[in-house]
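Notes to accompany the following structure.
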Amino acid sequence: MQSFTYHAPTSISEALQLFAKCEGTIALLAGGTDILVQLRENHRQADHVIDVKHIPELHRLGCDPTQGLVLGAAVTCSQVLHSDATQDYSALRDSAQIIGGWQIQTRASIGGNLCNSSPAADSVPSLIALGAEVDYATLEGRQTIPVREFCTGPGTNILNRRGLLIGMHLPPVGARSGSAYERFIPRYEMDIAVACAASYVELDNDGTISAVRIALGAVGPKAIGCPEAANLLVGKAADDELIQKVADQAATMASPINDMRGTIEFREHLASVLVKRTLQTALRRAAGEVIVSHPH
Ligand SMILES: Cc1cc2nc3c(=O)[nH]c(=O)nc-3n(C[C@H](O)[C@H](O)[C@H](O)COP(=O)(O)OP(=O)(O)OC[C@H]3O[C@@H](n4cnc5c(N)ncnc54)[C@H](O)[C@@H]3O)c2cc1C
């Protein structure tokens, strides 16, 4: 492992000054569950490691009815799972629950999961389905963009290693709403998704669906939203036939690859199955049923 200089800034401006000052390659560190492995195995090089955990703004976690959920970039999966602030954001809890095991969850942040930008990252479809926006800072200033625009390909994102993710904003959920995330892995746990999906639904008083968002992961170079498929449900009362049609339509957005964990055909099939399941769970949650996050 290459030796590096460790920095622990305590403010966003101090972190940004380091970007201007440090010569050579820079890596940011939150929980370290991705970056330390990559550095140790020489998959990444860094002359400077900037630890973002000492910046208070990156630990914000709170929810109110007008602003929705504020999630600082360094908030851990474990904090997401145990905070009352996230109780209406079930898909995010489903994701946090299956990232690694509980030891990993106490270190791993949702921000790190997003910035690692793996196509199979478990939090990203949920963030897309929940309509998250991302706040980040570079030497040019602060910006907010929809989370679906953040990742640009496998392992790459809009920061281009020259910026700092500050956090995410998830809009308030509807009074009768539900969301869910599921992935397929060949083992019970500790594996990465062969395909994954998240859905969010909001119901009107008469039970018809007033808003839907669907997202897919691990079936292309980055997680994607499926707005055309989601729109098929708006204004309708969901039944099995319609849900299947929507799931099949969402799966047409997939552009998977063949690899040792799954063929293109298998992943397209999984995309449809997982969208169907997450829609069904989201609808049941919207109707008030308590369904605890699936353990894998
Ligand atoms: C045993 C094990 C099991 C795992 N299981 C899963 C799993 O099931 N599902 C899954 O999705 N992942 C899994 N992971 C990967 C990893 O745990 C997650 O991606 C985790 O959420 C990363 O968060 P972190 O805080 O540890 O990020 P770090 O490792 O600290 O950082 C990850 C990346 O984000 C960058 N970064 C971090 N914070 C910022 C910031 N504020 N601004 C800009 N860039 C930043 C880093 O430079 C790095 O490139 C697993 C890892 C291990 C070791």
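Numbering (the working numbering), first residue to last: 182 to 477.
Using N, Cα and C, we set each Cβ at its ideal position, and we do this for glycine too.
Bounds of the alpha helix (DSSP H) holding Phe200 are Ile193 to Lys202. Between Ser436 and Val382, the beta carbon gap of about 25 Å keeps them out of contact (Cβ cut-off 8 Å).
For Thr319, there is no enclosing alpha helix (DSSP H); the enclosing beta strand (DSSP E) covers residues Glu314 to Thr319. Rounded to the nearest whole angstrom, the CA to CA distance from Phe185 to Asp228 is 5 Å. Boundaries of the alpha helix (DSSP H) around Glu449: Ile445 to Ala467. A straight-line Cα-Cα distance of about 32 Å links Ser298 and Leu423. The region 209-224 and the region 279-293 touch, with no fewer than 3 CB-CB distances between them shorter than 8 Å. Selection Asn412, Gly344, Asp440 and Ile347 evaluated against Ala431 yields Asn412 as nearest (Cα-Cα). For Leu210, the shortest C-beta to heavy atom distance toward ligand 1 is below 7 Å.
The alpha-carbon of Gly205 is positioned some 40 Å away from that of Arg368.
When distances are taken from the beta-carbon of Arg465 to the heavy atoms of ligand 1, even the shortest one reaches 7 Å or more. By alpha-carbon distance to Arg394, the top candidate from Ala428, Ile373 and Asp387 is Ala428. Counting of Cβ neighbours within 10 angstroms places Tyr270 among the buried residues, the total reaching 16 or more. Going by beta carbons, Val233 and Leu242 fall outside the 8 Å limit. Cβ atoms of Val415 and Ile390 come within 8 Å of each other, at about 6 Å. Sequence-distant Cβ neighbours of Ser259 in its own chain, meaning closer than 8 Å and more than five residues away, are Ala277, Trp283, Gln286 and Thr287. Here the alpha carbon of Leu460 sits roughly 40 Å from the alpha carbon of Ser192. Residue burial is scored here from C-beta neighbours: Tyr187 has fewer than 16 other C-beta atoms within 10 angstroms and is therefore classed as exposed. Annotated three-state conformation of Ala378 is strand, per DSSP. Sorting Ala378, Met441 and Glu222 by C-alpha distance to the C-alpha of Ile309 places Ala378 at the top. Measuring C-alpha to C-alpha distances from Ile207 to each of Ala467, Leu239, Arg448 and Asn341 identifies Asn341 as the nearest. Within the same chain, Cβ atoms closer than 6 Å to the Cβ of Ala410 are found at Ile395, Val427, Gln430 and Ala431, the five residues on either side in sequence being excluded. Comparing alpha-carbon positions, the option among Leu351, Thr325 and Pro246 lying closest to Ala272 turns out to be Leu351.
Here the distance from the Cβ of Asn297 to the nearest heavy atom of ligand 1 is below 7 Å. Distance from the CA atom of Leu220 to the CA atom of Ala392, rounded to whole angstroms, is 43 Å. Between His263 and the set Ala254, Met434 and Arg274, the nearest pair of CA atoms involves Arg274.
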